[in-house]
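Okay, so here's the structure we're looking at.
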DNA sequence: GTCTATATTGCGATAGAC
DNA sequence: GTCTATCGCAATATAGAC
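Chains as they are written, first to last, in my numbering: chain A, 1 to 207; chain B, 208 to 414.
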């Protein structure tokens, strides 16, 4: 976007790129600006110079990561031609891809749920309720089409879907260890989880 | 356990009781010993005196909370007389009850997943793999009885179950707001989630 | 067992030289 | 735009009085 040529990264970008994994893995409070500067390979004073302090840097980091989420939502919105079940399968694939492409995004968001900062209300809530709205819309549509069970509450069911899909990544520290090895563990998990969910919401006879 | 009479709480207990919500809601790094001492209503020096520092206090807090988890696992283990689907329904009920009774336990564990401390390997992993083993055991049993679909991997399916059940609590900051109000929201969520899951894993014709 | 006072370290931010 | 040096402050931990 902002790059003018490809030869060198700007100082701002160096700081942002170094800050993403640090904030994601250790949490806002446990990361020092010294640490951030060293990881970025820049002088410690430049963090205040460019971002106006650690707190603003963190907010900037969250914004870059929510740009990723917003893009993901855009992609799954463009699925009007698919039927609801296929939309949900597609959602699972996109989530799996996002975790490969942006491995720190989810960690940062999860961190906001557990230890919210000022950014939780301003950034996190807005984007994620949009996502839940999209999913509950799919489910409502499917119920009206007679495909999903009519005793479902679509909003609650949308949250369940996010839960079953994301939990593997949330518990990655443990799940990668205790689950039996598979060639592509994450993809296998998501596939089984999405199919389980779909069997769970589809009306019995449609199968 | 250790209480000799009911009249007064010991200083250790005052500190522990105050530390649980603070560590749970703000995370280890964001809580100061000054804050802990004030919340407990004790002198700041007593935290080092009784626990040997903030880090050891945190470990002690985690241990008290995992005693809660261990007790929960004990309760759901005593369900040999139930069939697998009933065991899973019972698991959902126990999880819901635990969140009411010990509202900070899950938060502390979630925090360990996102920003692990030294206690993650020593405490968290051990207890939670036990829980997943119990659940995957139920599922394996159900597959052998011909009740659950035989294409399921029980370990992966157990993780899905934990995910669909726990996600509401994990995202409580958001879910309580965006979900349509219900008289007992958490219980409603868990019921729908567990039934969805069970419909998802049961072989189609049994219904 | 509890307190005050203090030692020591590391933090985030900035002034000012280059 | 980048650096060094430093300020002011809050952190954890402890020594020693009571």
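In this text, a Cβ means the ideal position worked out from N, Cα and C, and glycines have one as well. Keep in mind that this is a model prediction, so the values were computed, not measured.
Counting only residues of its own chain and dropping the five nearest sequence neighbours on each side, residue 149 of chain A has a CB closer than 8 Å to the CB of 143, 201, 202 and 203. By the Cβ neighbour-count rule, residue 181 of chain A is exposed, with fewer than 16 other Cβ atoms within 10 Å of its own.
When the beta-carbon positions are compared, residue 372 of chain B and residue 318 of chain B stay at least 8 Å from each other. Assignment of residue 36 of chain A by DSSP, reduced to helix, strand and coil, places it in the helix class. Contacts between residue 362 of chain B and chain A, judged by CB atoms closer than 8 Å, involve 178, 179 and 180 in chain order. At a C-beta separation below 7 Å, residue 369 of chain B has these neighbours in chain A: 167. For residue 138 of chain A, the enclosing alpha helix (DSSP H) stretches over residues 125 to 144. Under the Cβ criterion of 8 Å, residue 201 of chain A is counted among the residues facing chain B. Taking CB atoms only, residue 247 of chain B has no neighbour in chain A less than 8 Å away. Runs of the alpha helix (DSSP H) lying entirely within the stretch 15 to 103 of chain A, each at least 4 residues long, are 33 to 40, 45 to 51, 54 to 77 and 84 to 101 in chain order. For residue 119 of chain A, no CB of chain B lies under 8 Å from its own CB, so it is not counted at the interface with that chain.
Between residue 366 of chain B and residue 120 of chain A, the gap from beta carbon to beta carbon reaches 8 Å or more.
The beta carbons of residue 243 of chain B and residue 226 of chain B sit about 5 Å from each other, so the pair counts as a contact at 8 Å. Between the stretch 73 to 90 of chain A and the stretch 53 to 62 of chain A there are fewer than three C-beta pairs closer than 8 Å, too few to call the two in contact. Taking the Cα positions, residue 100 of chain A is about 14 Å away from residue 176 of chain A. Residues of the same chain with a CB within less than 7 Å of the CB of residue 322 of chain B, apart from the 5 flanking positions on each side, are 234 in chain order. Interface annotation for the stretch 295 to 313 of chain B against chain A: empty, criterion Cβ-Cβ distance under 8 Å.
Residue 262 of chain B has its alpha-carbon roughly 29 Å from the corresponding atom of residue 103 of chain A. DSSP, read as helix, strand or coil, puts residue 368 of chain B in helix.
Look at residue 108 of chain A here: in three-state DSSP terms it is helix. Put simply, the CB of residue 84 of chain A is far from chain B, with every gap to its CB atoms at 8 Å or more. Residue B:236 holds the alpha-carbon nearest to the alpha-carbon of residue 324 of chain B among B:223, B:378 and B:236.
Under the Cβ criterion (8 Å, minimum of three pairs), the stretch 334 to 352 of chain B does not count as touching the stretch 129 to 141 of chain A. Non-local C-beta neighbours of residue 296 of chain B in its own chain, meaning closer than 8 Å and more than five positions away in sequence, comprise 401 and 405, ordered along the chain.
For residue 202 of chain A, the three-state secondary structure derived from DSSP is strand. None of the residues of the stretch 248 to 272 of chain B has a beta carbon lying less than 7 Å from any beta carbon of chain A.
Of all alpha-carbon atoms in B:397, B:218 and B:346, the one lying nearest the alpha-carbon of residue 362 of chain B is that of B:346. Contacts between residue 233 of chain B and chain A, judged by CB atoms closer than 7 Å, involve 115 in chain order. Counting only the Cα atoms, residue 380 of chain B lies some 28 Å from residue 192 of chain A. About 22 Å separates the CB atoms of residue 312 of chain B and residue 257 of chain B; that is not less than 8 Å, and the two are not in contact. Distance from the CA of residue 84 of chain A to the CA of residue 162 of chain A, rounded to the nearest whole angstrom, comes to 15 Å. Cβ neighbours of residue 393 of chain B within its own chain (closer than 7 Å, five residues either side excluded): 303, 306 and 375.
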